[in-house]
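1 is the number of the first residue of the sequence shown in UniProt numbering; add one for each residue after it.
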Amino acid sequence: MGGWIFHEHWNVSITNAELWGLYQGLLLAWELDIKQLVVEIDNASVVTMVNDMELVNGPNGSLVENIKRLLKRG
């Protein structure tokens, strides 16, 4: 039966929260050896940042680059 596998509590912006959720989800999938994963995100800014080939500047830059590295591992 299903249940919580991960829970944390932070005070961050919506975009930052979505990025952290994506990052933590990708890390968890990697640790569980999940080879194929469908990710659904309704925040267009997050989708653009992750799909953009340019480096992201600003407070979320390093987090976005870490997400991109995880996606390339696949």
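Just so you know, even glycine gets a beta-carbon here, dropped at the ideal spot from N, CA and C.
Sequence-distant Cβ neighbours of Leu37 in its own chain, meaning closer than 6 Å and more than five residues away, are Ala29. Assignment of beta strand (DSSP E) within the UniProt domain "RNase H type-1" (12-73), counting only whole runs of 3 or more residues, yields no such run. Taking all protein chains shown into account, Leu32 has fewer than 16 neighbouring C-beta atoms within 10 Å of its C-beta and is therefore exposed. A residue is called buried once 16 or more other Cβ atoms fall within 10 Å of its Cβ, and Met53, having fewer, is exposed.
Between Ser62 and Val56, the alpha-carbon positions lie close to 8 Å from each other.
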